[in-house]
Structure formats: structure tokens, C-alpha cells
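Asker: Below are the C-alpha cells for one structure; questions will follow.
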């Protein structure tokens, strides 16, 4: 049973004994320091189900880092007897970990090399001369295998094998139970990041800029933020020895506040809790050291991966827009640092990055990508800053970012000669990057019109009256053109190229995203004619949603309820973007179709979690015929569900922060 950051598991064996395990790490909403502890605790519950007294040994085994991760090929191994007893393994490069057990008699705890067989050559003790047999049988006698391959240097033994095992004896009466608390702590302070090559100028349609000075070299390194607070994994072990019970109580307190919040359905409460796993799987927090600029001091740099395995960008703009509402609610200090990174990477002409780190690389803040999705990069940046301003209720946010916002807004205004409703003349696509867009585009138009209203509100707050008036004028003019150029009677065209008189009249499910962006930010002005918006929702429901067979909404469909042609779009005629379906579901909720929105959101999520079993492997594209995963693992976009509490209550994003409502209840419970 997963209830992040805890996992409860029950094991059964052939022997007359069973074991339950509660594994957890520290994750405290609202407390970034206590969520940045490199440790995992494993509570082992051993139970004797027989009518006899049983005795034996229980061992925990850890393979350790490979030599690249460890920044060295040799390791020292030291038995430690403090609040926890176990093995401290440290590499030549200063990377180390501690595996041990709390509250056990020091003399009873045995330590040694890893029990498990390992033939992986990258560990340096794999095949051939360093072959390692399985040692689990030595538990029968309570023995603990020792490393046989080592060298001595100045009287110190150095091992190539980075593994360790810790074993504890037990004796259980019939029906008896014993709880053993293991801990694993780690310390890898230097993060080996991007590598620069002279050819790195363009990649995946992006312009790439390498920001460090040439004298810095081609290899980029970052320092983990936790290393500013701990000097080794032993420090972490001591911290957890004192605080683990309090931390666990706080975890279960905020979980109870979420899971018992009666204004939301059970399925959503469960998933809102477990989707937090993406924040720590995809999030990285680094110290404010060179080559990071002064913008990162003193709070460091926080970055968010798009997808660790399938699309590794550092802070991919559109993905951050859709996947970071939980980060904004619960760790606004880190989200602000992320926005500061975007601001620092902004070009002089106002262009905002598509990503802060090149795709396919390790997390970094020195390989900025530009041009790709340029029609919407500035819009998403401005909307994210607006969210931070609203959630923190801090006008200092606006004062800090306002000039950057104006530069971005002005840059976007120049992208197309025909104005705000068009794709950039230079290309560069938009969020749906593999679809083709020309001329006037409804999806871009709605988001740009929303941007105009957001910037108008910001300008008025800053007393910049003329700039606000210009935003209002351009909004009113563009809104008229949107109706004239793109409304086709049943829905809005995907695009219309006036110069060639070509048009795409396929129904794009997400054509009304601008309605959602307005409503979730508390802007009441209509972008789309309200009657047209309702008609478009009906058309999308009767085509894109119905053809998706309960798995979401097709990206594109025909208005007559038929699938698009096989070659009509690069994503394919059966493609469903699960995260964007949730946006459309909330568009329905805000647009007067609440029940439909609830139904669509639940069906989409039920397929992912229940039918496909992807609760810990969040995909983002599924197939309309049977709901199976088409592409994507660990996608941070799936954090989109943290917009749902506000949409379901019909409020902007500040609604869940009111006294007694979800976000406020979680934060209050986590403090106690």
C-alpha cells in the first residue's frame, strides 16, 4: 500500500514466519528543509505464526554505488556503534552511505559485505577475478561474510566492493512479534552534470547556449543542497536517530488531513497524496555556487525534470506550467527559486527559455535551450509567476519579476506580424510540438489573450497605467479577430492560414485552454464568446471524448464524431494526452459542465491507476482503443491534478488555501 512518502508491504515465506515492512522517507509539505534529508527508514515487523519458538537472523543488503557514482574505485568500510549500529562505507571521492539498525544491542548486530550475488562488471568486482558468490546461507549460523578482495594503503584496507549487509538475531515466542528499525542514509555532495562539446549549438530544434566561462572547463558540477547541512551520511543517521518518530508523526498527520478531506472524492484524495512522489523523483535542489549566478544566493537553485527516463529536460517550460501546482502550494520558496532561474536565463530581447537544461542531459542550469515552443514560452512563464504571486499573497514577487514579465510580454507581441492570435512567424511550434500549425491558431490565441489580461492586472497593481491600457486595447481588438477568423459554427478551427487560404478544421480538444488559464487565476473576462465556448465543449464531448472510449479526450477528432485521417497529425489519430485531458475536464467545470468535468477526470485517472497500473510510473500519452501507455514515464506533467481541488470547488487557485480547505489543512497538520 503506497501512501507517499511511505510504502507498506507484507511478505510471506515458506518458513513459518512472515514480515511486514513500512519504508518511508521524510516529506513534510511546507517544510523544504525536512523534506531534504537523504535517508530512508525501514521498519521490519517479524511475526511468528507457528506454535513453536523460532529463532534466526534478519539481514538487510545494499549494493551501494557504482564507481562512477562514487567518484572513486575503492572504499573504506567501518563498523559504527552509536545510536544506530551498522556499516559506514566511504569512497575515495567522499561519497558515502550508512546502513544500520536502531535500538539493538551493539554486540548482536553483524556487519559485512553484501549478501547478494552481483556479476555487474561496473561495480569493479563482477565477473572473473572479482566474481562474488551469494552469502545468504551464512545467516543460518549468524555469520556475516567479509570482503576477500582488498588492498592495504598506509594500514587502511580499501575495497572495490561497495556493498554492505547488516544482520540482527531474533527469537520469537509462538505468536510473537519483533520490530527492527533499519536506516539507510547517503551522502553524494557533488553532482556530475552537463558536459560541453564544441558542437553543442543546436539540438532538437533548439538553440543552445553554454553559459559558464571557458576557463571553467567542459565538465559542469553542482553541489547538493543537503550537503550544506550535513558533512556525511553519519550526520544524517544521527539526525534520524533523534527525529524519526516526530517526522513520521508529522507525515501521518498531514496525510490524515488530506485523506479525510470530505469535499473531494476518494480516488482524488489518494492520487493527490501519491503524486507528490514526482516532486522528489524529478526535483533537484542545488547549492548557490559557481557557475550559478547571484540570483541563486542564498536559497540555492531548484530545478524540475520533465521526465527522468523518457524526456530529460531541466525545467521544460510547458511541463513546469502544467505540473508544478503542488510545488507552488507547498514549497513556494523552491518554486520562487525556479522562477528566478528562468528570469536569469532570459535573453536581452526578452525571450524566455524553452528549457533550462538540454534534453538528454543530467540536470543542469548551464545548457539553456531557446526558440522551441517560443510562441508559448513567455506565456507560461508569466502565468507561473502570477500563480506564485497569488499563492504567497506577496506583492514582492510582482515587484521582483515585473520588468522581466514586461520584456517577455513585449517579445511575444513581436513574434507574428499579424498579432497575438498567430503562431510565431519563425516557427518553433508550441506545446503540441509535433503537430503542424500555421497562421491564426485557436490554442495559441486563447493563451495569448489570457496573458494580455494577466499582464494588465499586474501592470495595474504596479501603477503602470499606460501599459495596462495597451494590454486591454490589444485584448479587445484580438478577441474580435478570434471570432471572425477561427469560429466555424461547431468549434474553433485548429488553425487558419489567411495567406494561403488553408485551414485545419479538425477539433482540437484543448482549444479552450485560455478559458481555464483565466478561471484558475481568477480573471472573469471572457476570451471566447460564452455561447460559442459551450457549443465547442459540446462538440469536443461528442467527438474527442466519445471516441476516446472512457480513457480521456483525443487530441484531435472530426466534428462529425469520426477519427481523423491516419496522416492528419504526427501524434496519430488514437493519441490522448492524459494531462491535457485533465485541463479540458477543468475547462468543463469552469465552463458550466461540472458533472461532465468530474466524470472525464475520474475516468482518465482510473484508467492510468487501476486499469494500467501506472500509479508510480506516470505516463502522459495513452491509446484511445484500450487505454494502454503509448509514451512517457515519470512525467512531471501529471502533477496537473493539484489544480483539481480549486476547479471542483469553482474557485481560483487560492480557494484551497482558505481556512479549513485542503491546502491550508495539510499545511497546518504538517506543522503540528
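Residue numbers (my numbering): -9 to 662.
Ideal Cβ placement from N, Cα and C applies to all residues, glycine included.
The structure displayed is predicted, hence computed values, not measured ones.
What number of angstroms, rounded off, separates the C-alpha of residue 140 from the C-alpha of residue 147?
Answerer: Cα-Cα distance, rounded: 6 Å.
Asker: Between the Cα of residue 399 and those of 349, 464 and 419, spot the shortest distance and give me the residue it belongs to.
Answerer: Nearest option by C-alpha distance: 464.
Asker: Please go through the same chain and pick out, in chain order, the residues whose beta-carbon is closer than 8 Å to the beta-carbon of residue 112, but skip the five residues on each side of it.
Answerer: Note on residue 112: pLDDT 49, under 50, position unreliable in the model; no value is reported.
Asker: Between the C-alpha atoms of residue 79 and residue 503, what's the straight-line distance to the nearest angstrom?
Answerer: Their backbone Cα atoms lie some 52 Å apart in a straight line.
Asker: Of the residues 40, 642, 213 and 382, which one's Cα is nearest the Cα of residue 5?
Answerer: Comparing Cα-Cα distances from residue 5 to each of 40, 642, 213 and 382, the minimum goes to 40.
Asker: Do residue 287 and residue 281 have their C-beta atoms within less than 9 Å of each other?
Answerer: No, Cβ-Cβ distance for residue 287 and residue 281 is not below 9 Å.
Asker: Can you give me the Cβ contacts of residue 382 inside the same chain, cut-off strictly under 7 Å, excluding the 5 residues immediately before and after it?
Answerer: Answer for residue 382: 322, listed in chain order.
Asker: Specify, as a first and last residue, the run of the alpha helix (DSSP H) that residue 165 falls within.
Answerer: Residue 165 -> no alpha helix (DSSP H), and no H or E assigned at all.
Asker: Using 10 angstroms around the beta-carbon of residue 389, count the other beta-carbons present and answer buried if the total reaches 16, otherwise exposed.
Answerer: With fewer than 16 Cβ atoms within 10 Å of its Cβ, residue 389 is classed as exposed.
Asker: Based on Cα-Cα distance, which residue from 332, 249 and 387 lies nearest to residue 360?
Answerer: Nearest of 332, 249 and 387 to residue 360, Cα basis: 332.
Asker: So residue 410 packs on residue 439, CB below 8 Å; how close in whole Å?
Answerer: That belief holds up - the Cβ atoms of residue 410 and residue 439 are roughly 7 Å apart, short of 8 Å.
Asker: For residue 249 versus residue 175, is the C-beta spacing smaller than 9 Å?
Answerer: Cβ distance not < 9 Å, so residue 249 and residue 175 don't count as in contact.
Asker: Is the Cβ-Cβ distance between residue 195 and residue 418 less than 9 Å?
Answerer: Against a cut-off of 9 Å, the Cβ pair of residue 418 and residue 195 comes out as a contact.
Asker: Between residue 209 and residue 199, what straight-line distance do the alpha-carbon atoms span, to the nearest angstrom?
Answerer: Answer to the nearest angstrom: the Cα atoms are 15 Å apart.
Asker: Can you grab the Cα-Cα spacing for the pair residue 461 / residue 408, in whole Å?
Answerer: Approximately 16 Å between the Cα atoms of the pair.
Asker: If we count Cβ pairs, one from each stretch, closer than 8 Å, do we get three or more for the stretch 123 to 133 versus the stretch -6 to 12?
Answerer: They do not touch, by the three-pair rule.
Asker: Would you check if the stretch 510 to 529 and the stretch 553 to 569 touch, i.e. whether three or more CB-CB distances between them fall below 8 Å?
Answerer: They do not touch, by the three-pair rule.
Asker: Suppose contacts are defined by Cβ-Cβ distances below 9 Å. Is residue 369 in contact with residue 472 by that definition?
Answerer: Not closer than 9 Å, so no.
Asker: Give the list of continuous beta strand (DSSP E) stretches no shorter than 3 residues that lie fully inside the stretch 605 to 639.
Answerer: Runs of the beta strand (DSSP E) inside the stretch 605 to 639: 611 to 613 and 619 to 621.
Asker: Using the Cα positions of residue 14 and residue -5, report the straight-line distance between them to the nearest angstrom.
Answerer: Going from the Cα of residue 14 to the Cα of residue -5 covers about 6 Å.
Asker: Report yes or no: do three or more beta-carbon pairs, one from the stretch 607 to 621 and one from the stretch 564 to 571, lie closer than 8 Å?
Answerer: At 8 Å Cβ cutoff, the stretches touch.
Asker: Taking its Cβ as the centre, do 16 or more other Cβ atoms sit within 10 Å of residue 226, making it buried, or is it exposed?
Answerer: Buried, because 16 or more other Cβ atoms sit within 10 Å of the Cβ of residue 226.
Asker: Output the distance between the C-alpha atoms of residue 31 and residue 317, rounded to the nearest integer angstrom.
Answerer: Cα to Cα, residue 31 sits roughly 24 Å from residue 317.
Asker: So residue 372 and residue 395 are supposed to be a Cβ contact under 8 Å. How far apart are they, rounded?
Answerer: Yes, they are in contact, since the Cβ atoms of residue 372 and residue 395 sit about 5 Å apart, within 8 Å.
Asker: Would you please state the rounded distance, in angstroms, between the beta carbons of residue 134 and residue 102? I believe it to be under 8 Å.
Answerer: About 4 Å; that satisfies the 8 Å criterion.
Asker: Using DSSP with H/G/I as helix, E/B as strand and the rest coil, what is residue 680?
Answerer: Lying before the first or after the last residue shown, residue 680 is absent from the chain, which here runs from -9 to 662.
Asker: Please report the straight-line C-alpha distance between residue 630 and residue 276, rounded to a whole angstrom.
Answerer: Looking at the two C-alpha atoms, the distance is approximately 25 Å.
Asker: When DSSP labels each residue in this structure, what does residue 400 get in the three-state scheme?
Answerer: DSSP places residue 400 in helix when its eight states are reduced to three.
Asker: Under three-state DSSP, which class holds residue 122?
Answerer: Residue state, collapsed to three classes: strand.
Asker: Just to confirm the assignment, what range does the beta strand (DSSP E) spanning residue 44 have?
Answerer: Element bounds for residue 44: 44 to 52.
Asker: Whether or not the stretch 87 to 101 and the stretch 240 to 255 are in contact is what I'm after, with contact meaning three or more pairs of Cβ atoms, one per stretch, closer than 8 Å; do they touch?
Answerer: Not touching, per the Cβ criterion.
Asker: Confirm, please, whether the CB-CB distance from residue 586 to residue 656 is below 9 Å.
Answerer: Contact flag unset, no.
Asker: Between which two residues does the alpha helix (DSSP H) harbouring residue 267 extend?
Answerer: It spans 267 to 272 - the alpha helix (DSSP H) in which residue 267 sits, taken as one unbroken run.
Asker: Provide the residue(s) that pair with residue 2 in DSSP beta bridges, ordered along the chain.
Answerer: For residue 2, which the question treats as bridged, DSSP gives the partners 8.
Asker: Below 9 Å between beta carbons: does that hold for residue 590 and residue 609?
Answerer: Going by C-beta atoms, residue 590 is not nearer than 9 Å to residue 609.
Asker: Expressed to the nearest angstrom, what Euclidean distance is found between the alpha-carbon atoms of residue 513 and residue 352?
Answerer: Distance between the alpha carbons of residue 513 and residue 352 is about 38 Å.
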